[in-house]
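Residue numbers (my numbering), protein chains in the order written: chain Y, 19 to 344; chain B, 540 to 847; chain L, 3 to 340. Cβ atoms here follow ideal geometry from the backbone N, Cα and C, with glycine treated the same way. Report on one structure; see the data block that follows.
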Amino acid sequence: MLIVITLFGLITITFLVARVAPGDPARVAAGPDATAEMVQALRQEFGLNKPLVVQYADYLKGLVVGNLGRSIRTQHYVIKDLVRLFPATLELTVFSLFLAVVLGIPLGVLCAVYRDGPLDHLARIVSVSGLALPMFWLGLMLQLILALKFDLFPVGGRLGMLSLPPPAITRLYLIDSLITGNWAVFAESLKYIFLPAVVLSFPALASIIRVNRADMLEVLNRDFITSARAHGISKFRIVTQYALKNAMIPTATMIGLRFGWMLGGTILVETVFDWPGIGQYAVQSAIFSDFQPIMGTTLVIGLCFMLVNLIIDLLYGLLDPRVRYD
Amino acid sequence: MIDRPKGPRPQPTGLWIRWKEEHESTLRNLRLSIYLFGKSPLSILGLVIVAVFFIVALIGPLIVPFPQDATGTVHLSQKLMGPDSTFWFGTDDLGRDIFTRVILGTWISLKIGLIIILIAMGIGVPLGITAGYVGGWPGEVIMRVTDMFLSIPGRIFALAIIGAMGPGMTNSMIALSIVWWPGYVRLVQGRTLSVKEESFVEAARSVGARRARIIFHHILPNCTSVIIVKASMDMGMAILAAAGLGFIGVGAQPPTPEWGAMISEGRNFLPNWWWYATFPGLAIFTTVLGFNLLGDGLRDILDPQSRS
Amino acid sequence: MEDTRNILQIEDVVVHFDTFEGTAQVLDGVSLELPRGHTLGVVGETGCGKSITSKAVLDLLPRPPARVVSGRILFDGEDLLTKSETDIEKIRGTRIAMIFQDPMTYLNPVFRIEKQMVDVIVRHGVTKKNPISRRQAREKAVELLEAVQIPGAARRIREYPHEFSGGMRQRVLIAMALSGQPELLIADEPTTALDVTIQAQILRLLKNLVERFNLSILLISHDLGVVAKLCRRIAVMYAGTVVETATIEAVFSRPAHPYTRGLLRSIPRLARRVDSLVGIPGGIPSFLDPPPGCRFHPRCPQAMDICRRVKPLLAELKPGHRAACFLYETSWPEGARS
Chain Y
19 MLIVITLFGL
29 ITITFLVARV
39 APGDPARVAA
49 GPDATAEMVQ
59 ALRQEFGLNK
69 PLVVQYADYL
79 KGLVVGNLGR
89 SIRTQHYVIK
99 DLVRLFPATL
109 ELTVFSLFLA
119 VVLGIPLGVL
129 CAVYRDGPLD
139 HLARIVSVSG
149 LALPMFWLGL
159 MLQLILALKF
169 DLFPVGGRLG
179 MLSLPPPAIT
189 RLYLIDSLIT
199 GNWAVFAESL
209 KYIFLPAVVL
219 SFPALASIIR
229 VNRADMLEVL
239 NRDFITSARA
249 HGISKFRIVT
259 QYALKNAMIP
269 TATMIGLRFG
279 WMLGGTILVE
289 TVFDWPGIGQ
299 YAVQSAIFSD
309 FQPIMGTTLV
319 IGLCFMLVNL
329 IIDLLYGLLD
339 PRVRYD
Chain B
540 MIDRPKGPRP
550 QPTGLWIRWK
560 EEHESTLRNL
570 RLSIYLFGKS
580 PLSILGLVIV
590 AVFFIVALIG
600 PLIVPFPQDA
610 TGTVHLSQKL
620 MGPDSTFWFG
630 TDDLGRDIFT
640 RVILGTWISL
650 KIGLIIILIA
660 MGIGVPLGIT
670 AGYVGGWPGE
680 VIMRVTDMFL
690 SIPGRIFALA
700 IIGAMGPGMT
710 NSMIALSIVW
720 WPGYVRLVQG
730 RTLSVKEESF
740 VEAARSVGAR
750 RARIIFHHIL
760 PNCTSVIIVK
770 ASMDMGMAIL
780 AAAGLGFIGV
790 GAQPPTPEWG
800 AMISEGRNFL
810 PNWWWYATFP
820 GLAIFTTVLG
830 FNLLGDGLRD
840 ILDPQSRS
Chain L
3 MEDTRNILQI
13 EDVVVHFDTF
23 EGTAQVLDGV
33 SLELPRGHTL
43 GVVGETGCGK
53 SITSKAVLDL
63 LPRPPARVVS
73 GRILFDGEDL
83 LTKSETDIEK
93 IRGTRIAMIF
103 QDPMTYLNPV
113 FRIEKQMVDV
123 IVRHGVTKKN
133 PISRRQAREK
143 AVELLEAVQI
153 PGAARRIREY
163 PHEFSGGMRQ
173 RVLIAMALSG
183 QPELLIADEP
193 TTALDVTIQA
203 QILRLLKNLV
213 ERFNLSILLI
223 SHDLGVVAKL
233 CRRIAVMYAG
243 TVVETATIEA
253 VFSRPAHPYT
263 RGLLRSIPRL
273 ARRVDSLVGI
283 PGGIPSFLDP
293 PPGCRFHPRC
303 PQAMDICRRV
313 KPLLAELKPG
323 HRAACFLYET
333 SWPEGARS
């Protein structure tokens, strides 16, 4: 029930943003040297001259059939643009999340177990700076050093100019190339996705290490850990099973939140690395004041975020049996 | 002569003394907090960075070596020179001293950060207290709306708002304020709920204290510590977000020396003229780091239960 | 001096806790003896160090803050304090087992009982060089649950801890503790968190197990009544040290130490008149800055000058009855008697 309300809220807010904010999207979109007629024509196209309620109804009707308007800049339907560009963003964010989780959780555990050791201090530096580093600047620095100076990684894009992408099954290059056994393309896609993923995952990695470490420390102090030790259960099992499963419960929420930030971060990272996804699409639309695509992108990203939070809620049930009966 | 014994010495009734007595426990707590804060080197570092930031922002325009390079001037003869003794951070493609512009950018960032946080608090705190204290139907509505706002990742939401309003520094501040206020509602509502349950509030209610008095005298002071902690962390995050928008090109516009916008311009000159993009970024990093460390330190002394 | 009749002999153990505010001297030379096949109750007020003593045996104290400064803990002749972590891990559950106070917090809330028990049983199998498969372990677990009288064991083993009542959880923990067939069971306030009627059941169960398996039990409790039901011998602790050890009858009829006397006087008894209800004035001392000499002297109605300066020895004033008090010659340091 709550989901439906939030969904409706998302749709409504996205709708209202353009129409209620000060300023006139049509005028802004038309540009500084547009004539009055051009602005009027745009207002007509955006439907801004109709009463708000009618606009809302039209908007909802449009959503149902998948009509999100048209981009002035690309001259395509927004929905088509989004469908074309979404897989790239999906691949980047999922891969980044994967990196953040796969590195972050073990590091958090190790920091908790070897508290105040050298690893812990190093990780603390990483997590404090991770949240302060501007992602776009980190991206530029990595490009500067690793790509431009040392030529270890490419500067941008999803694949080299001369390479052909793998057959479009999922449209996620890494997976498609694996499925079709095309190792060369797989390796190359990995090289291209690596830097942007590292940058995008960095703040999330910092957060996850920090939160997981704190949660593990708290759980390791709990009574049932003493009990398990009293029964002779090995330290390894205690840390990796008994403690970790309990610590993951609060960590999971943090991961969900961080994913949301990551989705937002794509607008920066995709710009720096010329990654052809919906983040870059939104940025270019914003610069052109092309307001329909921005709304469409906002809606899509909001939906993704909702979905991820839903998955995490379900995951809670798997992690914590006490929740299942509510 | 009989020496009459003097009576007990009259107590000094100076206002200062009386104030000190009344607030004795607060002063004691303050001293303890300062002592604890001083024990953490990272927190001190944060405080120092933030202090430097404020000082540079305020007196910056008075001390920069090339004040005319703030906007507008062009010295093509000295364009794109590397860092040396005259131009500590080098010059940009219009021959302007980057060090000067970074310093001047400090004031801009301060302005942006403060305005965003103040507006966000101004909207969020009253709504949060209302939702928490009054509760019921209006409280539910406020919280649901807050949830809806929070369901859209902040950066995209800000971008969408700017997309509708058009680029510019003012618009980006408005957009970010709209993105930020829901966080305060949640924080303050939660805190209000727990303070409401405390016995001293019940006691106040039972002697018939008016709602407004309870809110201002009991609830608000108990919320200030968490608000301060959040505000100091948010200051850094807001500056970061604004710089991000500047980088994309929808925030402050050139020739304003905003750090994000400078990095965006400098991007075109990598790798050979690397200083252009590097130094403004370092400025952002240092500033945000300072606020984060300060916020962490404040949280440790003001709100120990949420210590990480 | 080691007595081979004793399965557990704690000798003069000193434990310090390093805290923010200084070093707390929580155990100031604790000495206990538990003969094989017997039950020893350790009583004292909250904060006297009995829980810390029991946890020290299996090295379950949280180290950093805790530090064992000196002393010996002899189990079956060997000093546990000199053993490595791996060796102690081998003893836990298989030779010495422990149950604790609050069964809700001492069971992992996110795992089924089945997994928790099977993990333990399999682990014991590995330690005893007698490996057992998970399926066999599961059968054994069901048997154990039945032995502690949990109805419908085969079905209930698949449930989670929060689905059991307090008394049943404690039975589960007892079953887990016994799964390794230990020689010694340390029970730290096992009934404190339970209702009085359930308390009686658990105590009966423990008594039963002592007889069936020739188990030695070290029972920690602040409740003299509980200890009286199960134990033959009793040790009284105060402020980090043992002040008196004797049989139950001796302690109740002829208590030697002033603290024990005060303790017994302060227990309301139905037969006595209400106006003989007396508390012990004062409170337990701070461990950061403990009183010199005998730690009880500030509250002791019979304190003498020497009590303020020297710590009395825990010595035998009658066969089987020891006390640490300068009222008895035996507690004075060798030779001195001013």
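Just to confirm the assignment, what range does the alpha helix (DSSP H) spanning Q161 of chain Y have? Counted from its first residue, the first sequence places residue 161 of chain Y at position 143. No alpha helix (DSSP H) holds Q161 of chain Y; DSSP gives it neither H nor E.
How is D773 of chain B classed by DSSP in three states: helix, strand or coil? As a first step, residue 773 of chain B is located in the second sequence; it is residue number 234 there, counting from the start. It is helical.
Inter-stretch contact at 8 Å, needing at least 3 Cβ pairs: the region 218-234 of chain Y / the region 116-131 of chain Y: yes
Any idea if N831 of chain B is buried or exposed, counting beta-carbon neighbours within 10 angstroms, 16 or more meaning buried? On the second sequence, position 292 is the one that residue 831 of chain B refers to. Buried, because 16 or more other Cβ atoms sit within 10 Å of the Cβ of N831 of chain B.
N-terminal and C-terminal residue of the beta strand (DSSP E) that V431 of chain Y is part of: Residue numbering for chain Y in the displayed model covers 19 to 344; residue 431 of chain Y lies beyond these limits and cannot be assessed.
Using the C-alpha atoms, what's the distance from H756 of chain B back to G43 of chain L? The count along the third sequence starts at 1 and reaches residue 43 of chain L at position 41. The count along the second sequence starts at 1 and reaches residue 756 of chain B at position 217. Approximately 54 Å between the Cα atoms of the pair.
Have a look at the DSSP bridge pairing and note the partners of R18 of chain L. On the third sequence, position 16 is the one that residue 18 of chain L refers to. It is worth fixing the name first, because residue 18 of chain L is His in this sequence and not Arg. DSSP, once it has assigned bridges, lists L:R69 as partnering H18 of chain L.
I31 of chain Y and D308 of chain Y: beta carbons closer than 8 Å? As a working mapping, residue 31 of chain Y is identified with position 13 in the first sequence. As a working mapping, residue 308 of chain Y is identified with position 290 in the first sequence. In this structure, D308 of chain Y does not lie closer than 8 Å to I31 of chain Y by Cβ.
So that I know if they touch, is there some Cβ in chain Y lying closer than 8 Å to that of F696 of chain B? The sequence position of residue 696 of chain B within the second sequence is 157, counting from 1. Answer yes: the Cβ-Cβ gap between F696 of chain B and chain Y drops below 8 Å somewhere.
On the three-state DSSP scale, how would you describe N110 of chain L? Taking the first residue of the third sequence as position 1, residue 110 of chain L is located at position 108. Correct three-state label for N110 of chain L: coil.
Beta carbons nearer than 7 Å to chain B: which residues of the region 278-292 of chain Y have them? G278, W279, L281, G282, G283, I285, L286, T289
Quick one: list the residues of chain Y neighbouring Y162 of chain L, beta-carbon separation under 7 Å, in chain order. For the purposes of this step, residue 162 of chain L is taken as residue 160 along the third sequence, with counting starting at 1. Those are P339, listed as they occur along chain Y.
Three or more C-beta pairs closer than 8 Å, one from the region 278-292 of chain L and one from the region 316-325 of chain L: is that the case here? no
Determine whether the Cβ of S89 of chain Y lies closer than 8 Å to any Cβ atom of chain B. Position 71 of the first sequence, counting from 1, holds the residue named residue 89 of chain Y. Not one chain B Cβ lies under 8 Å of S89 of chain Y.
Can you give me the C-alpha to C-alpha distance between E141 of chain L and M178 of chain L, rounded to a whole angstrom? Reading the third sequence from its first residue, position 139 is the one you call residue 141 of chain L. Reading the third sequence from its first residue, position 176 is the one you call residue 178 of chain L. Whole-angstrom Cα-Cα distance: 13 Å.
When you compare each of L:K92, L:T21, L:E47 to G127 of chain L by their alpha carbons, which one comes out closest? Here residue 127 of chain L refers to the residue found at position 125 of the third sequence. For the residues L:K92, L:T21, L:E47, the minimum Cα distance to G127 of chain L belongs to L:K92.
So R171 of chain L and L109 of chain L are in contact, right, with Cβ under 8 Å, and what is the actual spacing, rounded? In the third sequence, residue 171 of chain L corresponds to position 169, counting from 1. In the third sequence, residue 109 of chain L corresponds to position 107, counting from 1. R171 of chain L to L109 of chain L, Cβ: 6 Å. Contact.
Between Y:L108, Y:D241, Y:L336, Y:W155, which lies nearest to R806 of chain B when the distance is taken from Cα to Cα? Residue 806 of chain B sits at position 267 when you count from the first residue of the second sequence. The residue with the shortest Cα to Cα distance from R806 of chain B is Y:W155.
Residues near L149 of chain Y by beta carbon distance below 6 Å, same chain, minus five either side: The sequence position of residue 149 of chain Y within the first sequence is 131, counting from 1. Excluding positions up to five away in sequence, the list reads P221, A224.
Assuming Y299 of chain Y contacts L103 of chain Y (C-beta within less than 8 Å), just tell me the rounded distance between them. Locating residue 299 of chain Y in the first sequence gives position 281, where the first residue counts as 1. Locating residue 103 of chain Y in the first sequence gives position 85, where the first residue counts as 1. The Cβ separation is near 5 Å, so the contact holds.
Would you kindly work out how many angstroms separate the C-alpha atoms of T332 of chain L and G31 of chain L, rounded to a whole number? As a position in the third sequence, residue 332 of chain L is number 330, starting the count at 1. As a position in the third sequence, residue 31 of chain L is number 29, starting the count at 1. Distance between the alpha carbons of T332 of chain L and G31 of chain L is about 17 Å.
With respect to the beta strand (DSSP E) encompassing Q259 of chain Y, which residues constitute its N-terminal and C-terminal limits? Along the first sequence, read from residue 1 onward, the residue named residue 259 of chain Y stands at position 241. Per DSSP, Q259 of chain Y belongs to no beta strand (DSSP E) and is neither H nor E.
Less than 8 Å between CB atoms is the rule here; does I305 of chain Y satisfy it with respect to chain D? The displayed structure is made up of protein chains Y, B and L, and chain D is not among them.
Pick helix, strand or coil for M620 of chain B, following the three-state DSSP scheme. The count along the second sequence starts at 1 and reaches residue 620 of chain B at position 81. Coil, per DSSP.
Looking at C-beta atoms only, is the number of pairs between the region 587-594 of chain B and the region 623-632 of chain B that lie closer than 8 Å three or more? no
Segment contact flag, the region 57-64 of chain L with the region 233-248 of chain L, C-beta cutoff 8 Å, min 3 pairs: Taking a cut-off of 8 Å on C-beta distances, the region 57-64 of chain L does not touch the region 233-248 of chain L, as fewer than three cross pairs fall below it.
Suppose you measure from the CA of V229 of chain L to the CA of M106 of chain L; what does that come to, to the nearest Å? If you number the third sequence from 1, residue 229 of chain L lands on position 227. If you number the third sequence from 1, residue 106 of chain L lands on position 104. Going from the Cα of V229 of chain L to the Cα of M106 of chain L covers about 23 Å.
I want to verify the contact list: residues of chain Y whose CB lies under 8 Å from the CB of N831 of chain B, in sequence order. Position 292 of the second sequence, counting from 1, holds the residue named residue 831 of chain B. What N831 of chain B touches in chain Y: V146, L149, A150.
Please list the residues of the region 239-254 of chain Y that have a C-beta atom closer than 9 Å to any C-beta atom in chain L, keeping them in chain order. N239, R240, D241, F242, I243, T244, S245, A246, R247, A248, H249, G250, I251, S252, K253
Should G599 of chain B go down as buried or exposed, given a rule of 16 or more other Cβ atoms within 10 Å for buried? In the second sequence, counting from the first residue as 1, residue 599 of chain B sits at position 60. G599 of chain B sits buried, since 16 or more C-beta atoms from the chains shown fall within 10 Å of its C-beta.
By the three-class DSSP mapping on this structure, what secondary structure does E797 of chain B have? By one-based count along the second sequence, residue 797 of chain B stands at place 258. Coil, per DSSP.
CB contact check: F323 of chain Y to chain B, cutoff 8 Å: As a working note, residue 323 of chain Y is residue 305 in the first sequence. Yes, F323 of chain Y lies at the interface with chain B (some Cβ there is under 8 Å from its Cβ).
Using the Cα positions of S114 of chain Y and I211 of chain Y, report the straight-line distance between them to the nearest angstrom. Translated into the one-based positions of the first sequence, residue 114 of chain Y becomes position 96. Translated into the one-based positions of the first sequence, residue 211 of chain Y becomes position 193. Cα to Cα, S114 of chain Y sits roughly 9 Å from I211 of chain Y.
Spell out a yes or no on whether the region 696-703 of chain B and the region 759-768 of chain B are touching, meaning 3 or more CB-CB pairs, one atom from each, closer than 8 Å. no
When you compare the CB of A300 of chain Y with every CB in chain B, is at least one pair closer than 8 Å? Translated into positions along the first sequence, residue 300 of chain Y becomes position 282. Yes, A300 of chain Y counts as interfacial toward chain B.
Contacts of K167 of chain Y in chain B (Cβ-Cβ under 7 Å): Within the first sequence, residue 167 of chain Y is the residue found at index 149, counting from 1. Result: P810.
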